[in-house]
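Following my numbering from start to finish, the sequence shown increments by one per residue and tops out at 179.
Report on one structure; see the data block that follows.
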Amino acid sequence: MLTACSSSSDETSTPAASASSDSAPALTGTPVSVEVTGEAGSEPVVAITPGDPVTELEVTDVIVGEGDAVQAGATVTAHYVGYGAATGQMFDSSWVRGEPATFPLPNVILGWQEGLVGMQAGGRRLLVIPAELGYGNNPPPGSGIEAGETLIFVVDLVSSE
19 MLTACSSSSD ETSTPAASAS SDSAPALTGT PVSVEVTGEA GSEPVVAITP
69 GDPVTELEVT DVIVGEGDAV QAGATVTAHY VGYGAATGQM FDSSWVRGEP
119 ATFPLPNVIL GWQEGLVGMQ AGGRRLLVIP AELGYGNNPP PGSGIEAGET
169 LIFVVDLVSS E
């Protein structure tokens with residue numbers, strides 16, 4: 019299955035008001051584009067065409083699940099992979115570690131807290147997260163995430179409680 023996700027071509031992306039001009043990615047006039055292939059439950063293949071940072075959370079159900087839906091504040095178990103939109107580089111993957119991760123939503127970035135609500139178990143969701151809902155200008159040291167970078171996650175939901 020293939021899906022593309024990009025910000026609206028009618029909008030001009032601008033850095034967050036709190037972003038300094040030294041750390042804000044240069045604007046190109048082209049939105050970031052993401053293609054996801056692969057079956058639910060197997061590691062996805064993700065192709066990223068770098069572009070301007072997004073200004074709003076973008077949520078796309080690549081595969082709609084049939085299980086229970088995630089509620090706000092839930093604890094979820096999921097396989098996921100995360101990429102930096104500016105670099106196209108993977109910075110985290112539960113598939114690489116060989117097992118899904120379990121965590122309470124209140125303990126993760128806002129893009130996950132907002133982007134996973136309503137997702138059904140067995141589904142695959144693409145999240146394109148603006149820096150303000152990710153790590154902003156303070157990414158974890160050594161993470162490979164740039165300051166002000168849009169984050170891209172592909173999440174396969176195993177379960178939620």
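The beta carbon of each residue, even a glycine, is placed where N, CA and C say it ideally should be.
Query, Result
"Given V80 as reference, the closest of G141, V94, A90, L134 once Cα atoms are compared", "G141"
"Counted within 10 angstroms of its Cβ, other Cβ atoms place T55 as buried (16 or more) or exposed", "exposed"
"Start-to-end residues for the beta strand (DSSP E) that takes in E76", "76-81"
"Rounded Cβ spacing between D174 and G59 (contact assumed at less than 8 Å)", "6 Å"
"For V114, three-class secondary structure by DSSP", "helix"
"Integer Cβ distance of V135 from V88, believed to fall under 8 Å", "5 Å"
"Where the alpha helix (DSSP H) containing L128 begins and where it ends", "128-133"
"Status (buried if at least 16 other CB within 10 Å, exposed otherwise) for E76", "buried"
"Which listed residue (N156, V176, P148, V172) has its alpha carbon closest to that of G69", "P148"
"DSSP three-state assignment for S39, whether helix, strand or coil", "Here S39 scores only 39 on pLDDT, less than 50, and its place in the model is too uncertain to base an answer on."
"Environment of S178 [buried if 16+ CB atoms lie within 10 Å]", "buried"
"Strand pairing of E61, partner residues [DSSP]", "In the DSSP output, where bridge partners are listed per residue, E61 has none listed."
"Sub-7 Å separation of L123 and Q131 beta-carbons", "yes"
"Contact set for T95: own chain, Cβ-Cβ below 6 Å, skip 5 residues either direction", "P118, T120, V176, S177"
"Length of the line joining the Cα atoms of A65 and L128", "24 Å"
"Nearest residue (CA-CA) to A139, options S161, W113, N155, H97", "H97"
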